[in-house]
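Some notes on the structure that comes next.
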Amino acid sequence: MLVCVQFSNRKEAFLFYQFLFDTSSRQPLNGEIKKDKGSWSVEVYESQKNIAPRVSRAISNILCRRKLNAWMEGILRHRFYYEDIDEIERVIRLSAKIKEAPPEGVVLPPINLHVERFVRKSVLEKEDIKFDEISAECLEYVYHDLLDFTEKLLDEYKLEEAHQMMVDSWRRRVNHNDTGVHLLHVVHDEKVRYFYSEGNEVRRGELLNYLKSHPDPFIQNLPADWGILPALIYSPEELIIYSDRQGEAKLELLMNIFEEKAVWKPLSHFPFLKA
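Sequential numbering from 728 applies to the sequence shown in our numbering.
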């Protein structure tokens, strides 16, 4: 028996062929790829019942890897009227990030699973399969989920853009604000603490006195949890962060703001660590 999958796009035909005839597969297949008047077909000499699951996985793989982003670009252009190609690319790059780690409280539609489900039903008991038809019908099937995903993606994109504008503003601040403080140590164990170059811990009263003598329109008060404020207030020429916890949001933010001025070291390297 013969199962034939037809493509209008050469690259997609070869991707399908590669995926299907992966040499690491435990069940070798017999088949070939052919060109006929500008179209391409992959023929597999195997019963439809035996090959259908692998054909389904191969088609789903191409749709998820190549088509979803193109469909999302279409939605960005024609539904949300985005025109700048660089901005569209930034939004689409962000989509991979939030798929891998969805923001807290955000429920994303399982688009990839819906694609797989649709393709599985579409190739069932078919020996002559047209990839382009499946692709168009799949877009129609997942469109509302893709629209929902894109709306949530744009919400996150706007938040990220606003966050980046804030970081850029803080970065300009620390690069141009000369307070006379050369070095500040940042220690993160149970909480974030700041130390001057000689090892004395930064105290709340000192920060309040500094703000009183150097009023800052961006810092109106000093909350109980200082966060990154001491580093912004003093804007040191060098910031050394001591922590054994990678991924701590406040410390990552400081690294992002201070860039080459900041150095990350293990907590044990803090020179004034008490025994």
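C-beta: ideal position from N, C-alpha, C; glycine also.
Helix, strand or coil at residue i [DSSP, three-state]
i      : result
GLU770 : strand
ARG806 : coil
LEU821 : helix
THR750 : Note on THR750: pLDDT 48, under 50, position unreliable in the model; no value is reported.
LEU742 : helix
GLY907 : coil
ASP811 : coil
TRP953 : coil
VAL842 : helix
GLN973 : coil
ASN983 : helix
HIS996 : helix
PHE876 : helix
Contact under 9 Å by Cβ, residue i with residue j
i      : j      : result
SER787 : ARG737 : no
LEU966 : PHE985 : yes
VAL869 : ILE825 : no
GLU987 : LEU910 : no
GLU864 : PHE876 : no
ARG972 : LEU978 : yes
PHE746 : ALA740 : no
LEU873 : PRO836 : yes
ARG955 : ALA989 : This sequence places Ile at residue 955; Arg is not what is there. Going by C-beta atoms, ILE955 is not nearer than 9 Å to ALA989.
TYR744 : ASN757 : no
ARG899 : LEU959 : no
ASN983 : VAL894 : yes
GLU810 : ARG817 : no
CA nearest to the CA of residue i, picked from the options
i      : options                           : result
HIS915 : SER822, ARG844, ASP895 and ALA976 : ALA976
GLY907 : GLU827, TYR961 and GLU987         : TYR961
ASP855 : GLU987, ALA989, CYS731 and MET982 : CYS731
ARG793 : ASP813, HIS805 and LEU742         : LEU742
GLU770 : GLY801, LYS764, PHE748 and GLU816 : PHE748
LYS885 : ALA958, TRP991 and ILE815         : ILE815
TYR923 : PRO957, LEU756 and GLU843         : PRO957
GLU925 : GLY932, VAL913 and ASN936         : VAL913
ILE789 : PRO993, GLU843 and PHE999         : GLU843
GLN775 : SER896, GLY974 and LEU729         : LEU729
Residues that DSSP places opposite residue i in a beta bridge
i       : result
GLY832  : GLY832 is not bridged to any residue.
GLN733  : SER768 and LYS857
VAL727  : Nothing about residue 727 can be read from this structure; the chain reaches only from 728 to 1002.
GLY758  : VAL771
ASP763  : SER766
ILE968  : VAL913 and TRP991
PHE1006 : Past the edges of the chain, shown from 728 to 1002, lies residue 1006, and the structure says nothing about it.
Heavy atom of the ligand MG within 8 Å of residue i beta-carbon
i      : result
ASP882 : Ligands in the displayed structure: none, and consequently the ligand MG is not present.
CB contact check: residue i to chain C, cutoff 9 Å
i      : result
ILE967 : Chain labels in this structure do not include chain C; a single protein chain is all it has.
Quick check: the stretch 859-869 against the stretch 917-926, are there 3 or more CB pairs under 8 Å?
no
For the 8 Å Cβ check, are there 3 or more pairs between the stretch 777-784 and the stretch 842-861?
yes
When you compare the stretch 809-822 with the stretch 870-883, are there three or more beta-carbon pairs, one atom per stretch, that lie closer than 8 Å?
yes
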